[in-house]
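This report concerns only the one structure given below.
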Amino acid sequence: MDFIRHWICLGCAAGFLGTTSAQESASGDLTELSLTDLLNVEVTSVSRSAEKLSTAPAAITVISGEDIRRTGATTIPDALRLVPGMQVAQVDSHTWAVSSRGFNDVLANKLLVMIDGRTVYTPLFSGVFWDVQDTFLEDIDRIEVIRGPGAALWGANAVNGVINVVTKSAKETQGLLVSGGTGTEELGFGQVRYGAKINDEAYARVYAKYFNRDHSRMTTGESANDRWEMYRGGFRVDWQPRDPNLFMFQGDVYGGTLDQTYNMATSAPPFVETLADDLEVHGGNVLARWTHTFSADSEMVWQIYFDHSTRNTPVFQKERDSADIDFQHHFLLGERQTFTWGGGYRRIENSFGNTPTISLVPDDRSIDLYSAFLQDEIELVSEKLNLTIGSKFEHNDFTGFEIQPSARVAWTLATNQVLWAAVSRAVRTPSLAEDDIVVNPPGAPPGAASLLGDRNFDSEDILAYEVGFRYQPRAWMALDIAAFYNEYDNLRSFRPLTENIPSPQTVANDLEGETYGVEISSSQQMHERWRMQFGYTYLQMQMHLKNGSMDVQSERAYERNSPHHQFFARSSVDFGRKRQFGHEFAFDTLLRYVDVIEVSGVTIPSYWTADVRLGWRPHRKWEISIVGKNLLDNQHPEFFPTIVPTQRAEIERSVYAKITFHF
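Here is the structure:
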């Protein structure tokens with residue numbers, strides 16, 4: 016085993032990775048775009064309008080669709096491992112803990128995540144259920160990831176980062192694509208997508224996919240009972256009847272079963288039951304967007320979407336319906352100012368099925384959110400110095416009116432050097448659980464609640480200071496460095512209802528703290544067919560209880576649930592004859608290191624992982640690939656469940672094969 020691990024490490028260490036350079040060509044050929052071209056890829060998440068990645072005044076990384084394909088990622092969280100500053104840990108077969116710049120948890124609540132502009136947010140815990148966030152991965156154009164606050168444009172909960180998944184237009188996905196495969200953990204998967212031209216003005220595509228993933232294992236080697244089976248389908252239509260107008264319509268439906276083992280509270284002695292049962296999920300969404308271009312410097316966008324989801328588990332049942340309308344307009348104000356403004360309204364109706372373990376009081380609640388934003392980008396020195404100021408103004412049903420301002424500056428020192436800095440304020444609004452939850456611990460008699468919500472719980476606050484530097488010293492090398500210092504106030508803590516009696520507890524805002532760190536990424540084009548990239552993250556967290564707090568767990572939990580050091584390295588090599596969609600052979604390796612963490616009082620040791628992918632195109636229209644993941648050990652833990660009591664699982668070594676046809 017040590018011999019195998021040694022040679023796998025040597026193979027992966029052939030390249031170092033940093034995903035600042037992101038978007039590959041549609042052909043999948045590494046030689047198509049230079050590093051300069053990659054740095055000039057346009058992004059939209061920083062300012063809500065297109066701008067070059069190289070000059071964006073934020074810590075932003077772009078993961079291209081080609082990056083996703085060549086790393087063998089099978090889920091969106093898998094792909095996010097390519098971003099410095101992100102903490103991504105797999106808990107079991109279908110559960111992830113995903114955060115940015117600390118505070119990692121299965122119920123992490125400081126990220127705003129969007130798929131084609133649709134916010135995938137649950138007010139239950141102000142976070143994301145990652146097990147239902149998916150799409151046809153080959154249709155992803157890019158994933159834009161901002162580390163740091165984005166609340167001045169995107170609103171509450173964009174505290175430590177923004178993730179924006181952007182899919183390709185229907186025009187870019189014409190023809191038939193069919194793929195499928197099997198493996199040791201990926202027991203079986205298949206997907207099909209068909210794109211067609213409706214007429215000279217409109218294009219459409221439809222897709223369907225299915226997968227079945229095996230159970231993971233516990234430390235003892237026994238099954239963790241967490242099999243994952245999902246199906247999904249969707250469509251997209253892009254219609255441009257006249258040049259100034261572009262309409263986009265899309266939708267998805269999904270359903271599936273996730274196995275899980277729970278410790279449940281019961282009404283009869285011994286007041287606890289261990290139950291292996293299914294978690295059923297279903298949902299769907301539709302979205303429409305109208306883009307009207309007044310001129311080269313003026314554009315208006317209207318968007319509306321509806322989203323429905325249900326989640327039925329042995330410990331709670333949840334149903335949510337969301338409706339959202341959003342408007343924005345940007346235009347040139349004078350010769351040196353670009354002004355952007357907009358607003359929106361969102362209504363979320365929640366229905367909760369209470370159980371003896373977890374309940375919400377009341378169990379039905381509607382939430383209204385009103386918002387507006389203003390942003391002014393000022394060119395202080397032509398093509399040299401830009402200042403961007405703006406703020407989001409929101410009214411929510413939890414804490415009322417919130418203001419979230421930001422100021423950003425980008426200084427182009429030379430054609431190959433950009434220095435940027437930012438100061439921002441953001442808030443994380445309370446969740447339904449923090450307001451209304453009642454948790455009855457398994458093993459305790461009915462009524463002996465261990466955790467209660469509190470309607471007086473206030474928003475968490477952050478004041479963030481950031482600075483970054485992008486540098487391309489040579490045509491074949493690019494470097495991106497970002498540093499940050501964040502001050503937090505009113506962080507969630509727990510307070511005993513009765514002094515000196517540890518249970519029951521209620522949520523409180525009795526914690527504050529600071530986090531700081533550095534994120535480094537670099538890309539090297541060693542040869543026209545060989546690209547190397549690397550990324551490193553340093554994170555430090557210091558929490559402090561406020562005077563009078565009786566919390567004995569939150570301070571330590573926040574400080575230790577995210578690694579101090581992370582490193583990843585990647586090498587991508589093309590060889591053989593050139594085909595229509597790339598070279599005949601493609602070989603990719605990814606090596607990662609994650610530092611020690613502590614979750615729920617249990618230490619999870621540091622670990623190295625290695626992933627390898629070999630792709631072969633025997634014909635221009637089809638490809639065979641073999642992917643190995645977590646190759647350095649049989650299994651290892653990455654994170655454990657926190658609030659909801661489920662099995663502690665470990666992530667296994669796995670191999671799968673895949674075949675893809677393009678017609």
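Residue numbers for the sequence shown follow my numbering, so the first one is 16 and each next one is one higher.
In this text, a Cβ means the ideal position worked out from N, Cα and C, and glycines have one as well.
Taking the beta carbon of residue i as the centre, do at least 16 other beta carbons fall within 10 Å, making it buried, or is it exposed?
i: S669; result: buried
i: Y671; result: buried
i: L138; result: The residue asked about is misnamed: residue 138 is Pro in this sequence, not Leu. Under this definition P138 is a buried residue.
i: F509; result: buried
i: T552; result: buried
i: V376; result: exposed
i: S60; result: buried
i: L294; result: buried
i: N124; result: buried
i: A601; result: buried
i: V609; result: buried
i: Q105; result: buried
i: Q540; result: buried
i: F678; result: exposed
i: K399; result: exposed
i: A37; result: Unreliable placement is indicated for A37, whose pLDDT of 33 sits below 50; no coordinate value is reported for it.
i: G532; result: buried
i: E153; result: buried
i: I155; result: buried
i: A425; result: buried
i: V567; result: exposed
i: N260; result: exposed
i: Q662; result: buried
i: G30; result: The pLDDT assigned to G30 is 36, lower than 50, so where the model puts this residue is not dependable, and the model offers no usable value.
i: A664; result: buried
i: D107; result: buried
i: S282; result: exposed
Would residue i and residue j be called neighbours here (beta carbons separated by less than 8 Å)?
i: A171; j: V442; result: yes
i: D312; j: F346; result: yes
i: S324; j: I666; result: no
i: E201; j: R228; result: yes
i: T414; j: P371; result: no
i: Q148; j: V128; result: yes
i: F151; j: R208; result: yes
i: S421; j: S397; result: no
i: K561; j: D589; result: no
i: G266; j: G298; result: no
i: R380; j: N369; result: no
i: G195; j: I674; result: yes
i: V330; j: I373; result: yes
i: A493; j: L54; result: yes
i: T182; j: R628; result: no
i: I477; j: V193; result: no
i: D450; j: R470; result: yes
i: H579; j: L606; result: no
i: F250; j: A219; result: yes
i: Y360; j: Y320; result: no
Which partner residues of residue i appear in the DSSP bridge assignment?
i: F144; result: None; F144 has no bridge partner.
i: P511; result: Q520
i: K186; result: None, per the DSSP bridge assignment.
i: L261; result: T306
i: G132; result: Bridge partners of G132: none, in fact.
i: H634; result: W637
i: V611; result: Answer is none; V611 lacks a bridge partner.
i: W243; result: R228, L273
i: Y219; result: Note that residue 219 is Ala in the sequence shown, not Tyr. A211, V252.
i: A625; result: L606
i: Q102; result: S114
i: A498; result: V482, V533
Exercise. Tell me, please, whether the segment 83-95 touches the segment 62-74 by the rule of three or more beta-carbon pairs shorter than 8 Å.
Key: Too few Cβ pairs lie closer than 8 Å, so no.
At a cut of 8 Å, does the segment 517-525 reach the segment 64-71 through at least three beta carbon pairs? No: the two stretches stay apart, fewer than three of their Cβ pairs being nearer than 8 Å.
**Prompt:** Counting pairs of Cβ atoms below 8 Å between the segment 164-174 and the segment 187-205, do you hit three or more?
**Reply:** By the Cβ rule, the segment 164-174 does not count as touching the segment 187-205, because fewer than three pairs are nearer than 8 Å.
Cβ contact check for the segment 208-224 and the segment 108-119: 3 or more pairs under 8 Å: The answer is no - the segment 108-119 does not touch the segment 208-224, with fewer than three Cβ pairs under 8 Å.
Taking 8 Å as the threshold, find out whether the segment 344-358 comes into contact with the segment 373-393 through three or more Cβ pairs. Verdict: yes, contact present.
Taking contact to mean at least 3 C-beta pairs separated by less than 8 Å, is the segment 498-509 in contact with the segment 473-490?
Touching, yes, given that three or more Cβ pairs across the two stretches are closer than 8 Å.
query: Are the segment 609-617 and the segment 649-659 touching, with three or more C-beta to C-beta distances below 8 Å?
result: Yes: at least three Cβ pairs fall under 8 Å.
Problem set entry | At least three beta-carbon pairs within less than 8 Å, the segment 272-279 to the segment 240-257 | Under the Cβ criterion (8 Å, minimum of three pairs), the segment 272-279 counts as touching the segment 240-257.
**Report entry** Those runs of the beta strand (DSSP E) which lie wholly inside the segment 414-471 and span at least 3 residues
**Finding:** As far as the segment 414-471 is concerned, its whole beta strand (DSSP E) runs of at least 3 residues are 415-429, 432-443, 452-454.
### Message
List, from N- to C-terminal side, the beta strand (DSSP E) runs of 3 residues or more that fit wholly inside the segment 278-353.
### Response
Correct list: 287-310, 313-327, 332-348.
Please go through the segment 538-588 and give each complete alpha helix (DSSP H) segment of 4 or more residues, from N-terminal end onward. List check, alpha helix (DSSP H) in window: 569-575.
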